[in-house]
Amino acid sequence: MPAVSKGDGMRGLAVFISDIRNCKSKEAEIKRINKELANIRSKFKGDKALDGYSKKKYVCKLLFIFLLGHDIDFGHMEAVNLLSSNKYTEKQIGYLFISVLVNSNSDLIRLINNAIKNDLSSRNPTYMNLALHCIANVGSREMAEAFASEVPRILVAGDTMDSVKQSAALCLLRLNRTSPDLVPMGEWTSRVVHLLNDQHLGVVTAATSLISTLAQKNPDDFKTSVSLAVARLSRIVTSASTDLQDYTYYFVAAPWLSVKLLRLLQCYPPPEDGAIRGRLTECLETILNKAQEPPKSKKVQHSNAKNAVLFEAISLIIHHDSEPTLLVRACNQLGQFLQHRETNLRYLALESMCTLASSEFSHEAVKTHIETVINSLKTERDVSVRQRAVDLLYAMCDRSNAKQIVTEMLSYLETADYSIREEIVLKVAILAEKYAVDYTWYVDTILNLIRIAGDYVSEEVWYRVIQIVINRDDVQGYAAKTVFEALQAPACHENLVKVGGYILGEFGNLIAGDPRSSPLVQFHLLHSKFHLCSVPTRALLLSAYVKFINLFPEVKGTIQEVLRSDSQLRNADVELQQRAVEYLRLSCIATTDILATVLEEMPPFPERESSILAKLKKKKGSGTVSDIEDSRKERNVNANANVNGSSDHTITNTSAKPPPSFACDLLATAPPPTNRPRPIPSSSMLHTPLTPLSPKAYTPQPVRPTVPFYQVTSSPSSDLLGLGNSSAVNSASPPTSSHAASLLVDVFSESLPVAALGSASAHVIEENFSRFVCKNNGVLFESQLLQIGLKSEFRQNLGRMYIFYGNKTSTQFLNFSSSVVCPEPLSSHILYNIFLHSRLNIHMKAADPVLDGGAQLQQILNIECISDFVEAPVLNIQFRYGGSTQNISVRLPVTLNKFFQPTEMTSQDFFQRWKQLSAPQQEVQKIFKAKHSMDTEITKAKIIGFGTALLDGVDPNPSNFVGAGVIHTKTIQVGCLLRLEPNTQAQMYRLTLRTSRESVTQRLSDLLSDQF
Amino acid sequence: MIGGLFIYNHKGEVLISRVYRDDIGRNAVDAFRVNVIHARQQVRSPVTNIARTSFFHVKRSNIWLAAVTKQNVNAAMVFEFLYKMCDVMTAYFGKISEENIKNNFVLIYELLDEILDFGYPQNSETGALKTFITQQGIKSQTKEEQSQITSQVTGQIGWRREGIKYRRNELFLDVLESVNLLMSPQGQVLSAHVSGRVVMKSYLSGMPECKFGMNDKIVIDKQGKGGTTDDAGKSELGGSSGKQSIAIDDCTFHQCVRLSKFDSERSISFIPPDGEYELMRYRTTKDIILPFRVIPLVREVGRTKLEVKVVIKSNFKPSLLAQKIEVRIPTPLNTSGVQVICMKGKAKYKASENAIVWKIKRMAGMKESQISAEIELLPTNDKKKWARPPISMNFEVPFAPSGLKVRYLKVFEPKLNYSDHDVIKWVRYIGRSGIYETRC
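Line by line, the protein sequences give chains A and B.
The first sequence maps to residues 1 to 1012 in UniProt numbering.
The second sequence maps to residues 1 to 440 in UniProt numbering.
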């Protein structure tokens, strides 16, 4: 670039700048600038035209003033005039001014664009370069609109100079980044790929950047670049360092180009062609070999360049994840770096190893470095490196080394940085749970954790301990004993008190035999901590006390004394006061039997994803942890097979299969804080008075007593569905539901259908359909791309359905659209389908066309039932993911029974109506084999979920179920009576349905018989 | 309490650094420099909080004075102290400039030791300080002198020492006022107030007791009701014409004034310090005499030309002369040329200040003068209009725009044999412009 030559030097500018620099104060500077601006204004105003030189000088001064932070509102015209000058320096200054100062000013933009167009069409390469640089620097939409078609043409034109090609490639890259929609993909794309073969390495480097970006968007269009990139890479790698002359940087051949090529290759899976693949492997091996060679220079630039290529190569190896030998070699190479002097290298090595650890080929190899990693955890001075070491330890942990790693992490925790403590706590908690061989070790570890870093132990961690202790009989005694011992410490953390209170309240009886931990001792121990704790903990302790009353009648007096004291009965906190009053009354009035029922031991929690893991993921965003989890999915699949299995207690994986969590579950991911830690089995008759504080808790009751029971949300989708709050309902579930619920898990936790990845599936998916017959909320469909959740409510003949579309990928879905249609009439149902439109009115609001990665979208459906119907509507979803259009059709669970209104009636009424509906076409009877276990509670729940009222004491045989309800449609109302007789010996059911309409009877019996 | 005090030059270099408390570290010096002096945006607030440390600063020409504290102190107290500190320094070595501070830094440290003790302000009366902090090297003091200083510093009247003798007992009294105005283009007063000071220079022997009287509305009304008029005082110094009394909105006094007496009788009596001091400060907002009226006329001729005509009228007795008159007419930011014609004085376009400055040396009352200017503009593509900042004015007039008159100043010295009549008294009124602006 020709510098401003001496003859051309702008003396006025130099003087001005030195004046400014010599200014003593800011005020003086402003005065000088004002003076200069006035001068320039008078010059520009002057009638006689300025020559190019002075124009350039004044524009330069304006630019300088602007860069000092002052507003410039004139001189744009002069700058644009400079563009048409024939002198390079003047043109350059003009472009500089435009690039720095241009704003979308309509009249000037046209002039500027014109000048740029002229320069682009000139044959002078320097002018073309200036113009291209200006386009790239400004990069505005207007620019993109004007030149998006021009730049690619220059890029692929045969007669373009190399330097111009280089600029054009980078310019196009910039335009593609700022306004991707304006850059047309066309026939030039294939020719761009061939730029990888260009003689000029600068062009190749620029083109590689461009292709990488484009390939990320449209991988298919640039597939051919893989072989070219591999060829180019192998030429660079095998070339002697002198071959590339200008592009050799401290004895490393074209490091930037190599890194870019390796990045480009990471956009694609390993090449299928054996030859190319072999060549690539060879390249990677050479790169790994070169790392072993002694350095050719002691300069830091040499090693930096070399390592940059090496790390990129390693990430390509990890990305491909197909060559075991390469993976192991990469791992060994990283292992060497773990002890390197350079902190940066150690950091990078730890980070890369983290990803390596998740590959099945190299997991073992990574494990060999455990000692080094632990050592770096202890000795590393930089906290970010230590953090990586923790990540790596977490990633490499498995059953064989869990104990060692957990111990090391615990000991590190004592000295760890405050910023990462919480994360370490979560990780320790997860590892301890995941790889626990015996649960006594787990309990010990967690209690240790609370002791060491109690402040950083989040709620989720201690919830999880309690979940596990409650679900496992074998550790309960040990847990009680350990907790009791831990509580003896004079100062213990509040979290420990919480765990202690809960566990002793539940299982204190298991250690009561020992005189050292007699009930009274236990109580006094807990109560000694009472006054030091916060309100939620005190509330929990009060519940523990009332449980003691049940467990140990002998301490009843002492506890009542405590509850009766003014500090409890008249506590300022309303929650504590309420609990004290209620517990006191409960213990005074109720008989031991009632007490025993009310204060029964907590039922086991349903298994589901660890809330801790969810928390860790949330903390990390979509960071490394979830990646690791995902990539480990395959290995965990076997373990996941028995979700309810007792021996293999593995954390189930979200994306593979969401095990449902139940509303009644006290430790659900996001229930409201006050009701959560209440160790009372949910009992509706008792609980209603106990929870007046949460009005939500019993609002649903009058309508449908068991609604909460059916608000089943699988925990991953609870976020998706935004049902977090609805689990507030949990405490109002009926007395037996918690027990039933845990059994229901089996019904609902069958693995969800793994839908084919995105590929257009034309058939209607109905797998989950039957599951929604008896419930209104849940996950309707799930594939690797998309999750569809439903939440619906029906009243009389109207219904509203909230559909939640969750994008599980990290990229946008474009052109997202959905529609509800009636399926093609099937031969046997022609009659109904013709009328379906008129029988069912569905209104849907159009969905947003773009669904961001990781985001979810809600769509509301308003449904009106005109008349009875059979076929459910189908939801068609269409969107673009990557380059291809995805079609998904799902049958919406809008079934006739949704419009049920339960009717309560006496035995007499029932039989009277039963007899009225005695016409043969009004009755349908079915005898069928039970598909699921014949549990009474489940069956009851299903019948209620079906929509009818469950009538007790109607049928003389108590094991039979009788229900009644009215189906509301706009035109007619259909009364319905049903009777279900189970035969446990034969595992058979007999279902009898009587309604006033034949079609309804048939449809209902089909629907209902499928459920058992 | 004040934790430390720093003085910087305009570049942010530390000239004086005195730390009084341990909670202020060395880095506080840099924190202020980085966050205030070198701040990207000009810091307007006089109080800056940086990392739980408060910095109170005042600027005198190019010098920054900053007081630092970590505690919750009374900000008004700190600023009062800083102003006092400036006064003391001015009294010792004149203008506060980098050079003067460098030349006197031993003295400044000595002063800082004296007037701040562990962060608590002490006696900062210049007269008192000058008795024991001198610029003339070390001079050994006699026992008597030392005990005298001790008794004075610790005694009840800290601002005056005993045994002062003058051959001629003289007293100078200056009423200094600055008048602030914002006027609409149509001549409507949008806001106006006068802030004034009564500055005295006393050269009196012994321990005289003084009584100061002015035409304070409350006093006059009370006297009118009570029927007791103090004719003697009035005939001596009293004003000749104009309104009888003024309403003072608020006032503050020098520490020598007996506040209890002012509260009960609203009389200002005091034992004056020796030499120069400020007796009181006050503020009035009612019935202000505006010495000048500015009538602007701005006409935009197309996009490239602006015609400005400004008339000023003096509005006081023709016998009085206003001085140092300066009118500043702001010009648009895209001015490319100016032609000025004025009848009186000199006018010039100052590009560096974006204004036309018109200066008139002297002007008698009840006169008027006019300037007209043609401003050429450069058309810009900027859409925003010129904000038309107000026309401002500077002047000095020999009367008090608030209407304040000194009615009497009586001196009693019972021990020495001179009476009120023997004291020579001088009174002077000066009215200056504060922010005196007219919108155009």
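Glycine residues also receive a C-beta, built at the ideal position from the N, C-alpha and C atoms.
Determine, using beta carbons only, whether D321 of chain A comes closer than 9 Å to chain B.
Here the question's residue 321 of chain A lines up with position 321 in the first sequence. No, its Cβ sits nowhere closer than 9 Å to a Cβ of chain B.
So that I know if they touch, is there some Cβ in chain B lying closer than 9 Å to that of S149 of chain A?
Indexing the first sequence from 1 puts residue 149 of chain A at position 149. Not one chain B Cβ lies under 9 Å of S149 of chain A.
For P401 of chain B and I17 of chain A, what's the separation of their Cα atoms in angstroms?
Residue numbering aside, residue 401 of chain B sits at position 401 when the second sequence is read from its first letter. Residue numbering aside, residue 17 of chain A sits at position 17 when the first sequence is read from its first letter. Going by the C-alpha atoms only, they are around 47 Å apart.
From this set, A:L413, A:L284, A:E142, A:K165, which residue's C-alpha is nearest H320 of chain A's C-alpha?
The residue given as residue 320 of chain A occupies position 320 in the first sequence. Closest by alpha carbon: A:L284.
From what residue to what residue does the alpha helix (DSSP H) around W441 of chain A run?
Taking the first sequence and counting its residues from 1, the one referred to as residue 441 of chain A is at position 441. Here the alpha helix (DSSP H) through W441 of chain A covers 439–453.
Does the beta carbon of L333 of chain B sit closer than 9 Å to a beta carbon anywhere in chain A?
The sequence position of residue 333 of chain B within the second sequence is 333, counting from 1. So, interface residue.
Give the residues from the stretch 4–23 of chain B that approach chain A closer than 7 Å (Cβ to any Cβ), ordered along the chain.
So the close ones are H10.
Could you name the residues of chain A that A322 of chain B contacts, counting a contact when the two beta carbons are closer than 9 Å?
Position 322 of the second sequence holds residue 322 of chain B. Those do not exist, as A322 of chain B stays about 28 Å from chain A at its closest Cβ, beyond 9 Å.
Does DSSP put F1012 of chain A in a helix, a strand or coil?
On the first sequence, residue 1012 of chain A is found 1012 positions in, with the first residue counted as 1. Of the three classes helix, strand and coil, the one that applies to F1012 of chain A here is coil, per DSSP.
Could you say if the stretch 440–447 of chain A and the stretch 476–495 of chain A meet the contact criterion of at least three C-beta pairs nearer than 8 Å?
The stretch 440–447 of chain A, when compared against the stretch 476–495 of chain A, does touch it at the 8 Å Cβ threshold.
Name the two residues that bound the continuous beta strand (DSSP E) containing P330 of chain B.
Residue mapping note: residue 330 of chain B aligns to position 330 of the second sequence, counting from 1. Taken as a continuous stretch (DSSP letters only), the beta strand (DSSP E) holding P330 of chain B covers 321–330.
Against chain A, does S352 of chain B count as a neighbour if the rule is that its beta carbon must be under 9 Å from one of theirs?
As a working note, residue 352 of chain B is residue 352 in the second sequence. With 9 Å as the cut-off, S352 of chain B counts as an interface residue toward chain A.
Look at the alpha carbon of G12 of chain A and the alpha carbon of A49 of chain A, and state the distance between them as a whole number of angstroms.
Taking the first sequence and counting its residues from 1, the one referred to as residue 12 of chain A is at position 12. Taking the first sequence and counting its residues from 1, the one referred to as residue 49 of chain A is at position 49. Each residue's Cα considered, the two are about 19 Å apart.
To the nearest angstrom, report how far apart T126 of chain A and L333 of chain B are at their CA atoms.
For the purposes of this step, residue 126 of chain A is taken as the residue at position 126 of the first sequence. For the purposes of this step, residue 333 of chain B is taken as the residue at position 333 of the second sequence. Cα to Cα, T126 of chain A sits roughly 37 Å from L333 of chain B.
Alpha carbon to alpha carbon, how far is L613 of chain A from A291 of chain A? Give it in angstroms, no decimals.
Along the first sequence, read from residue 1 onward, the residue named residue 291 of chain A stands at position 291. Along the first sequence, read from residue 1 onward, the residue named residue 613 of chain A stands at position 613. Computed Cα separation, rounded: 38 Å.
Chain B partners of K35 of chain A, CB-CB under 7 Å?
In the first sequence, residue 35 of chain A corresponds to position 35, counting from 1. Correct list: A351, S352.
Do the stretch 769–780 of chain A and the stretch 942–949 of chain A make contact, defined as three or more Cβ pairs closer than 8 Å?
As far as the Cβ criterion goes, the stretch 769–780 of chain A touches the stretch 942–949 of chain A, which means the pair count is three or higher.
Closer than 7 Å by beta-carbon distance: list the chain B residues that pair up with A38 of chain A, in chain order.
Position 38 of the first sequence, counted from the start, is the residue given in the question as residue 38 of chain A. In chain order: T335, A351.
Cα separation between K348 of chain B and L182 of chain B?
Reading the second sequence from its first residue, position 348 is the one you call residue 348 of chain B. Reading the second sequence from its first residue, position 182 is the one you call residue 182 of chain B. Their Cα atoms are separated by approximately 24 Å.
Is it right to say R399 of chain A is buried, meaning 16 or more other beta carbons lie within 10 angstroms of its own, or is it exposed?
Within the first sequence, numbered from 1, the residue matching residue 399 of chain A stands at position 399. R399 of chain A comes out exposed.
Residues of the stretch 32–65 of chain B in Cβ contact with chain A at a cutoff of 9 Å, in chain order, please.
Under the 9 Å Cβ criterion, the stretch 32–65 of chain B contributes R40, Q42, N62.
Shortest alpha-carbon distance to G158 of chain B belongs to which of B:T150, B:I164, B:K165?
Translated into positions along the second sequence, residue 158 of chain B becomes position 158. That would be B:T150, whose Cα lies nearest to the Cα of G158 of chain B.
List the whole-angstrom C-beta distance separating L264 of chain A from I211 of chain A, where the pair is believed to meet the contact cut-off of C-beta under 8 Å.
In the first sequence, residue 264 of chain A corresponds to position 264, counting from 1. In the first sequence, residue 211 of chain A corresponds to position 211, counting from 1. Going by Cβ atoms, the distance from L264 of chain A to I211 of chain A rounds to 6 Å, so yes, they are a contact pair.
Any idea which residues DSSP pairs S889 of chain A with across the strands?
Within the first sequence, numbered from 1, the residue matching residue 889 of chain A stands at position 889. Note: S889 of chain A sits in a beta bridge opposite A:V764, A:N876.
How about E307 of chain B: is its C-beta nearer than 9 Å to some C-beta of chain E?
You won't find chain E in this structure, because its protein chains are A and B.
Give me the chain A residues within the contact set of E300 of chain B, using Cβ-Cβ distance strictly less than 9 Å, ordered along the chain.
For the purposes of this step, residue 300 of chain B is taken as the residue at position 300 of the second sequence. Within chain A, no residue comes near E300 of chain B; the closest Cβ sits about 17 Å away, beyond 9 Å.
Does any residue of chain B have a CB that is nearer than 9 Å to the CB of S122 of chain A?
Here the question's residue 122 of chain A lines up with position 122 in the first sequence. No - not a single Cβ of chain B is within 9 Å of the one on S122 of chain A.
Let me check understanding here. Comparing Cα to Cα, which of A:E561, A:P553, A:Q578 lies closest to L599 of chain A?
As a first step, residue 599 of chain A must be located in the first sequence, where it is residue number 599. For the residues A:E561, A:P553, A:Q578, the minimum Cα distance to L599 of chain A belongs to A:P553.
What does F74 of chain A reach in chain B if we use C-beta pairs closer than 7 Å?
In the first sequence, counting from the first residue as 1, residue 74 of chain A sits at position 74. The answer, in chain order, is N334, L378, T380.
The alpha helix (DSSP H) with residue 460 of chain B in it runs from where to where?
Outside the displayed range of chain B (1 to 440) lies residue 460 of chain B, so it cannot be described from this structure.
Are the CB atoms of M280 of chain B and V257 of chain B within a distance shorter than 9 Å?
For the purposes of this step, residue 257 of chain B is taken as residue 257 along the second sequence, with counting starting at 1. For the purposes of this step, residue 280 of chain B is taken as residue 280 along the second sequence, with counting starting at 1. Yes, they are a contact pair.
From what residue to what residue does the beta strand (DSSP E) around F395 of chain B run?
Translated into positions along the second sequence, residue 395 of chain B becomes position 395. Per DSSP, F395 of chain B belongs to the beta strand (DSSP E) from 391–397.
Mind pulling the chain B residues with CB within less than 8 Å of R32 of chain A?
Indexing the first sequence from 1 puts residue 32 of chain A at position 32. Correct list: S352.
Would K26 of chain A count as contacting chain B if we go by Cβ distances under 9 Å?
Indexing the first sequence from 1 puts residue 26 of chain A at position 26. Taking Cβ atoms only, chain B reaches closer than 9 Å to K26 of chain A, which makes this a yes.
When DSSP builds the beta bridges, which residues end up paired with S884 of chain A?
In the first sequence, the residue the question calls residue 884 of chain A occupies position 884. Partner(s): A:Y881.
Taking DSSP's pairing of strands, which residues face A355 of chain B in a bridge?
Within the second sequence, numbered from 1, the residue matching residue 355 of chain B stands at position 355. Per DSSP, B:P330, B:K350.
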